[in-house]
Amino acid sequence: MLTISNKSRYGITALLALAEFYNSGLLPIKDIASRCDIPHQFLEQIFNRLGKAGIIKSTRGKNGGYELAKPPEQISVLHIVNALEGDIEFVSKSEDKNDVIVELFHEAEKKLQNILSISLAALVAKQQKLRKNVIYDI
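The numbering of the sequence shown is our numbering, which starts it at 427 and goes up by one.
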């Protein structure tokens with residue numbers, strides 16, 4: 427079974443928080459970790475990779491923190507997953523292209539990549555819509 431790693435799940439979750447606060451200033455990593463229920467040290471490792479990939483940027487110091495390096499419309503979930511996990515591959519690119527099974531898995535890769543091409547901005551909008559649709563029982 428194909429499963430998303432905690433690294434990718436936490437990375438996407440933390441970047442959703444940064445996207446929600448885009449243009450509102452820097453967010454300290456401890457606040458992001460607490461808000462998203464992510465272990466602080468693990469989030470530091472994730473943010474290190476995301477910083478190297480040019481997805482986020484940081485400012486040190488008393489008023490330091492993290493922010494998205496680009497607008498949330500320009501950052502896709504696929505970009506995040508690729509930065510944290512490497513390229514999505516079900517089968518090796520060197521596999522025989524005339525093999526029907528290899529062809530099937532290449533098609534699955536393309537479809538997954540298409541789905542994951544959603545931007546952080548679109549994902550934030552979906553998340554906000556879901557929150558509005560929650561029915562609270564008293």
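Every residue, glycine too, gets a C-beta built ideally from N, C-alpha and C.
Closest to V503 by CA distance: which of S450, N474, N540, S484 is it? As a first step, residue 503 must be located in the sequence shown, where it is residue number 77. Closest in C-alpha terms to V503, from the list S450, N474, N540, S484, comes N540.
Beta carbon of L476, beta carbon of L546: below 8 angstroms? Start at 1 with the first residue of the sequence shown, and residue 476 comes out as number 50. Start at 1 with the first residue of the sequence shown, and residue 546 comes out as number 120. The answer is no: Cβ separation not under 8 angstroms.
Straight-line CA distance for A495 to F447? As a position in the sequence shown, residue 495 is number 69, starting the count at 1. As a position in the sequence shown, residue 447 is number 21, starting the count at 1. Near 13 angstroms, if we compare the C-alpha coordinates of F447 and A495.
DSSP puts E446 in a beta bridge; with which residues? The residue you call residue 446 lines up with position 20 of the sequence shown. According to DSSP, E446 bridges with nothing at all.
Could you check where the alpha helix (DSSP H) with I541 kicks off and where it finishes? Taking the sequence shown and counting its residues from 1, one reaches residue 541 at position 115. Segment 526-541, the alpha helix (DSSP H) holding I541.
Examine the ligand FAD and report whether any of its heavy atoms sits within less than 7 angstroms of the Cβ of Q471. No copy of the ligand FAD occurs in the structure displayed, which carries no ligand at all.
H505, buried or exposed, once every other Cβ within 10 Å from all chains shown has been counted against 16: Working through the sequence shown from its first residue, we reach residue 505 at position 79. With 16 or more other Cβ atoms from the protein chains shown falling within 10 Å of its own Cβ, H505 counts as buried.
Beta-carbon separation (whole angstroms), E535 vs I514, contact threshold 8 angstroms: One-based indexing of the sequence shown puts residue 535 at position 109. One-based indexing of the sequence shown puts residue 514 at position 88. Approximately 6 angstroms separates the beta-carbon atoms of E535 and I514; this is inside 8 angstroms, confirming the contact.
Please report the distance separating the alpha-carbon of Q554 from that of E529. Working through the sequence shown from its first residue, we reach residue 554 at position 128. Working through the sequence shown from its first residue, we reach residue 529 at position 103. For Q554 and E529, the distance between alpha carbons rounds to 38 angstroms.
Do V526 and A445 have their C-beta atoms closer together than 8 angstroms? Taking the sequence shown and counting its residues from 1, one reaches residue 526 at position 100. Taking the sequence shown and counting its residues from 1, one reaches residue 445 at position 19. Taking 8 angstroms as the Cβ cut-off, V526 and A445 do not qualify as a contacting pair.
Three-state class that DSSP yields for K488 in the structure shown: Looking up residue 488 in the sequence shown gives position 62. Reduced to three states, the DSSP call for K488 is coil.
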